[in-house]
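In what follows, a single structure is set out as structure tokens and then discussed.
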Amino acid sequence: MRLYINYIYELKKLTKILMTLIIFIFILLILPHILPSYYIIFISYALSFAIASLGFNLLLGYTGLLSFGHAVFFAIGAYSVALIARYLPNIYYFEIVILIALISSALFAALIGIIALRVSEAYFAILMLAVSMIIYSLILKFYTITRGSDGLPVPIPKFIGLTIHGISQDVFIVKYYYYILISIFIVSLIIMYLIVSSPFGKALQAIRDNPNRAYLIGINVKLYKYYSFVISGTYVGLAGSLWSIVNMYTSPEVAHWSFSSDIVYMTLLGGYTIFLGPVLGAIIYTLIKLYTVIFTQYWLLASGIIILIISLLFPEGLGGAFLRAYKFLAPLTIKRERKEIREKNRRLR
Amino acid sequence: MILKVYNLKKYFKEVRAVDNVSFTIDSNEVVGIVGPNGAGKTTLINLISGFLLPDDGRIEYLGHDITYLPPHIRLKMGIARSFQIVNLFERISVIDNVIISIFSSRGMTRNMLKPADFYTHVKEEAIKILEIFGLSHKKDYMPDELSEGERKLLDIAIAYATNPRLILMDEPTSGVATKDKFRIMDIIINAIRANKLSAVIVEHDLDIISSYVDSVLVLNEGRILARGKPNEVLEDPLVKKTLFGISR
Amino acid sequence: MIIINGLYYASILYLLSLGLNLIFGVSKLINLTQGSFYSLGAYITAWFISTMLSFYILKGNALLISFSGILLGVIITGLIGLLIEKTVIKYIYNISLERQLLATYGLLLIFMDLERMIWGGNIISAPQPLRLLGELSIDGYHYSIYYLLIIITAFSIGIAVQFLIYKTDLGILFRVVSYDREIASGLGISVKKISTLTFFISALLGGLAGSLMVPITSASLGMELDPLILSFMVAVAGGLGNFWGSLIASIIIGETRSIMIAIFPEIELALIYLIVFIILATKPEGILGRKGG
């Protein structure tokens, strides 16, 4: 009997989350009819960054590993798309390039992970930085292939089963790509949610909180860190590939450490201790990036100050701050759960 | 005979932390280990649980030679331990601390796509364990919201949740207010007897030891001074002389 | 010549890692801002020397100006370090590793843009000290005296710090605090003051490294990143808090870099990162096989 009630309870919780999700999707779908296209493009950027920070946070917020070089995966995703567009235009179909980008980032993560995870935490952060800067210089160096600092253009891809003729890239993004982004974002979100709430996700959190104890209760710490690393790298790679199409262009900067710091920054901004924090952070980051350009050229200064303040005062980021202030935004908080349990127990008696 | 230790030696340079120790533990037996500071009690626990490897000697568990096996293999075989300084997962809830222990010791952590909350039987088991340890009413609290005694109980509950046959506890009541020590030991011993576990408890407080354990091992400077029933051993004049100053 | 090149760079790395080691040993802080001290020292020195020497009148005292410039760079950087210790750093001592890395990283970014604000995006050169000191000729080989000066300076400072830590009463205070802050304050030691002093010294060391480096590489934006990463590696590889370890590690890394530049000049850009990667890939425990970080 109790099992059954528990199950219903969990189902109710899930339904609530699903409802919120559906409302969110609905809002996203309506926006193009309300807002000018400039905003839609902005949201498209935000959605691709959100996928990146979501993936990055699996490593940082849930496994406790900080990497200063995750931009490398973003670059791999972006350049996979751009290089295929340039050299293999016959297979330049959206479905294909995205798949290739996913596989490349996953493979790269799988390879690098073997080396990167053998070292201690502080080394790991630096090692990833080294890796991304090596790739950065490789991109610059092989000018004949990658066009170096000139970057590569990313044209509208063809689609299997859908033909789009003669429209400008802006219109393409607003009329078609936006919806594709939303779907992919939602799917990534759901998958990430399943991952972090699964037993595997709990194991990662145990590793984050106390790697020694985690080992002593039977968790294969090294292996799980590796899985987390590969998944996060793949997410960031996916984000990079999606972004490149919105941006219509890619350049070596996406592999540079400053972009890695942006990824860290947006994850932090929204709060790396809660699930949706990074998504919020990505949105705010995109906003700030677009607007500070108007006010100041001192992007590093602004980010630096914000990173400093958040790491000192708000380890839970703005998302965490919101969570505390507006309890009804979160599906459930402890107080409500306790209240519901008390009521449930009352009913049982 | 669940555990047999033969001539165990562990030296740290000139310090003989464990010096030729031999003893056995029976199934369902609760053994207390006492001794002055530096007697080698924690080192012994570390050797049995696999944290440290001995310089000489042998450890046999259920007939298998586990002397050089790593901790996670010993865990699979049924040896779990708790810690003197509380060792919890601070950023997940109390019940999640136990749930993760259940998941990982049963090899269920490979699952990446089914929310943990849907494993109702695991949740049920976790709640049962928390009930044994008197923590079920605080299951959704965070570890830092618990009292020190409750945190120690949680530490032990995590080890308990791995379904061991032998549980090693290093000073389970240290840092706990004296008036709570007995209550905590009641809970711990209850939990142990309920599942017919064997246990090794390192303790400083002799009153605790005498009230709860089946037999006592007295350690001094890495060597066994005495071994036997609590009332016999603790009345021994030599033992009294060695332990004088730490008993209340 | 390659060897001397490697040695002078090793000296610079050594100074930086000394600062990192000190602050980690005493205050358990992973301080990425050490890189900022490097660039600050460099910019101040470069700016001073190039500005002063543009006045025709002062051209005669070039050597004096040069060394004043270096001294100035060191002192001002130290003071800046003191300032941020008292305002910001003291809050960073007790937080978790990731947050420390993030917070000091934030500071690094802030200083980077502050440098851009003050000195613009241009490179400021001050090669005078290097040129003026000339070269020493032995057996037909030419050794730059300035390089030798750097090596000697770093070595002496290394010895001085060792002396300070192990042979003086003040050094005892440092060691007690690094061992256990609680015990130290229980003994009546002002942990705050020691922490501040340590940070100040670290900043001085960082500034010195940058100031000394300026005649060779000039001051430019982002110059601190490579040395920071390498000195971090040196500090951790040699064992955080271990001075002799960092000495050996800095020599190894400095020489490796020097040799690789000589053999493969075209990969200069990625070079440092390649070195870091190779070292960590082959010896995850660090150069001396010690656990660190």
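Protein chains in written order, with the numbering used here: chain D, 1092 to 1440; chain Y, 2 to 249; chain F, 23 to 315.
The beta carbon of each residue, even a glycine, is placed where N, CA and C say it ideally should be.
Check your understanding: Should the segment 89-107 of chain Y be called in touch with the segment 132-152 of chain Y, which here means at least 3 C-beta pairs below 8 angstroms?
Key -> Segments in contact, yes.
**Study point:** D/Ser1402: contacting residues in chain F (beta-carbon distance under 7 angstroms)
**Key:** Arg121, Leu124, Ala125 and Gly128
Check your understanding: Is the shortest distance between the beta-carbon of D/Tyr1376 and the beta-carbons of chain Y less than 8 angstroms?
Key -> no
Check your understanding: For D/Ser1158, which three-state DSSP category applies?
Key -> coil
Practice item. State the CB to CB distance for the pair F/Ile251 and F/Ile294, rounded to an integer number of angstroms; the pair is presumed to be in contact (CB under 8 angstroms). Key: 6 angstroms
Review point. How long is the line joining the alpha carbons of F/Met134 and F/Gly128, rounded to whole angstroms?
Key: 10 angstroms
Check your understanding: Can you name, in chain order, every residue of its own chain whose Cβ lies under 7 angstroms from the Cβ of Y/Val177, other than the five neighbours on each side?
Key -> Glu149, Gly150, Lys153 and Ile185
Point to revise | CB contact check: D/Lys1316 to chain Y, cutoff 8 angstroms | key: No, because no Cβ of chain Y sits closer than 8 angstroms to the Cβ of D/Lys1316.
Review point. Since D/Val1222 meets chain F, which of its residues come closer than 7 angstroms, beta carbon to beta carbon?
Key: Phe299
Check your understanding: Applying a beta-carbon distance threshold of less than 8 angstroms, which residues of chain F neighbour D/Ile1398?
Key -> Leu124, Ala125, Tyr127, Gly128 and Leu131
Review point. To the nearest angstrom, how far is it from the Cα of Y/Thr44 to the Cα of Y/Pro37?
Key: 13 angstroms
Exercise for review: Anything in the segment 167-196 of chain F with a Cβ closer than 7 angstroms to a Cβ of chain D? List those residues in chain order, please.
Suggested key: Contact annotation: in the segment 167-196 of chain F, no residue has its CB less than 7 angstroms from a CB in chain D.
Practice item. Go through the segment 1299-1329 of chain D residue by residue and report every complete run of the alpha helix (DSSP H) that reaches 4 residues or more, in order. Key: Note on the segment 1299-1329 of chain D: whole alpha helix (DSSP H) runs with a minimum of 4 residues are 1302-1307, in chain order.
Review point. With distances taken between CB atoms, is the gap from Y/Ile210 to Y/Val16 smaller than 8 angstroms?
Key: no
Check your understanding: Buried or exposed: where does F/Gln150 fall if 16 or more other Cβ atoms within 10 Å of its Cβ makes it buried?
Key -> buried
Review point. What three-state label does DSSP hand F/Ser268 in the structure shown?
Key: helix
Review point. Who does Y/His65 pair with in a DSSP beta bridge?
Key: Y/Tyr62
Review point. Going by DSSP, which residues form a beta bridge with F/Leu158?
Key: F/Tyr165
Practice item. Using a Cβ-Cβ cut-off of 8 angstroms, state whether Y/Asn196 counts as contacting chain D. Key: no
Check your understanding: Counting pairs of Cβ atoms below 8 angstroms between the segment 268-283 of chain F and the segment 56-74 of chain F, do you hit three or more?
Key -> no
Point to revise | Chain-ordered chain D contacts of Y/Thr163 [CB-CB under 7 angstroms] | key: Neighbours of Y/Thr163 on chain D, chain order: Ile1308 and Gly1309.
Review point. Name the residues in the segment 173-191 of chain Y whose C-beta lies less than 9 angstroms from a C-beta of chain D; which are they?
Key: none
Practice item. Give the range of the alpha helix (DSSP H) segment to which F/Leu42 is assigned. Key: Ile24 to Ser49
Check your understanding: Is it right to say Y/Lys42 is buried, meaning 16 or more other beta carbons lie within 10 angstroms of its own, or is it exposed?
Key -> buried
Review point. Comparing alpha-carbon positions, which option in F/Ile92, F/Ser268 and F/Leu243 lies nearest F/Met255?
Key: F/Ser268
Exercise for review: Quick one: residues in its chain with C-beta nearer than 7 angstroms to the C-beta of F/Gly229, no 5 flanking neighbours on either side, listed in chain order?
Suggested key: Phe59, Leu62, Gly63, Gly95, Val96, Thr99 and Gly100
Practice item. Quick one: which residues of the segment 47-68 of chain F get their C-beta closer than 9 angstroms to a C-beta of chain D? List them in chain order. Key: Ile52
**Study point:** Backbone secondary structure at Y/Glu83 - three-state DSSP
**Key:** In the sequence as presented, Glu is not what sits at residue 83 of chain Y; that position holds Ser. In this structure, Y/Ser83 counts as strand in the three-state DSSP scheme.
Review point. Which residues bound the beta strand (DSSP E) around Y/Ile168?
Key: Leu167 to Asp171
**Study point:** C-alpha gap between D/Phe1164 and D/Ile1134, whole angstroms
**Key:** 22 angstroms
Check your understanding: Is Y/Tyr142 helix, strand or coil by DSSP?
Key -> Here Y/Tyr142 sits in coil by DSSP.
Check your understanding: Would you say F/Trp253 and F/Ile24 are within 8 angstroms of each other, going by their C-beta atoms?
Key -> Note that residue 253 of chain F corresponds to Ser in the displayed sequence, not to Trp. Result no, Cβ atoms of F/Ser253 and F/Ile24 do not sit closer than 8 angstroms.
Review point. Considering Y/Lys18, what are the terminal residues of the alpha helix (DSSP H) in which it resides?
Key: A small fix is needed here, since residue 18 of chain Y is Ala in this sequence, not Lys. Per DSSP, Y/Ala18 belongs to no alpha helix (DSSP H); it is in the beta strand (DSSP E), Val16 to Ile26.
Review point. Using a Cβ-Cβ cut-off of 6 angstroms (strictly less than) and excluding sequence neighbours within five positions of F/Asn27, which residues of its own chain qualify?
Key: Answer for F/Asn27: Ser280, listed in chain order.
Point to revise | F/Tyr31 at chain D interface by Cβ criterion, 8 angstroms | key: no
Check your understanding: Exposed or buried, Y/Lys11, counting other C-beta atoms within 10 Å across all chains shown (16 or more means buried)?
Key -> buried
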